[in-house]
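Presented below is the structure to which this report refers.
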Amino acid sequence: MTAITFFLETETETLDLGRKLAALMRPPFTLYLSGELGAGKTTLSRGIVQGLGHEGAVKSPTYTLVEPYELADVEVYHFDLYRLNDPEELEYMGIRDYFSATSLCIVEWPEKGMGLLPEADIQLHLQYADGGREVRIEAKSIKGQALLNNVK
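Numbered according to the numbering used here, the sequence shown terminates at residue 152, and the numbering increases by one at each position without gaps.
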């Protein structure tokens with residue numbers, strides 16, 4: 001599988017990349033987002049959710065662990081596992097039920113849930129670079145590779 005890298009100077013560019021990715025995603029699809037605090041994971045997630053048709057606010061599910069968005073043709077689940085103390089907590093919330101044939105799942109801090117999360121189709125890593133953000137997108141499945149081929 002391959003990877004591509006983008007440099008994003010502004011929050012608007014981060015939102016635009018999210019919208020571009022959203023246009024290429026079809027359920028079932030799992031996206032992992034990793035990077036330091038404040039690197040832009042939630043901003044990118046906001047672009048994706050809005051790109052899929054959500055018109056309201058997109059907030060970080062830091063305290064709730066998951067924020068659902070029921071859209072016309074897709075169920076979107078935005079996870080933020082930053083505050084997760086033990087991956088076993090995911091079992092108690094019925095984590096497997098979220099990853100269905102009709103869902104698109106965005107997971108921030110996926111390393112906190114390893115062992116209980118399904119494999120990602122793509123993994124994005126955001127990091128600070130030269131006053132902006134560098135985003136590395138890596139395909140982890142055939143479906144992820146197809147998306148990557150079209151996002152270039």
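Backbone N, C-alpha and C define an ideal beta-carbon position, used for all residues, glycine too. Since this is a predicted model, take the numbers as computed values, not measurements.
- In the DSSP assignment, Val66 falls within the beta strand (DSSP E) that extends over 66–70.
- Our two residues, Asp73 and Glu88, have alpha carbons roughly 31 Å apart in a direct line.
- By the C-beta criterion, the segment 128–144 is judged not to be in contact with the segment 49–61, since fewer than 3 inter-stretch pairs fall below 8 Å.
- The three-state secondary structure of Thr10, taken from DSSP, is coil.
- Contact between the segment 38–53 and the segment 15–28 is present: three or more C-beta pairs spanning the two stretches fall below 8 Å.
- Between Leu31 and Asp121, the CB-CB gap stays under 8 Å.
- With 16 or more other CB atoms across the displayed protein chains lying within 10 angstroms of its CB, Pro110 is buried.
- Excluding its 5 nearest sequence neighbours in each direction, Leu52 has C-beta neighbours in its own chain below 8 Å: Ala22, Met25, Tyr69, Leu71, Val74, Val76, Leu104, listed in chain order.
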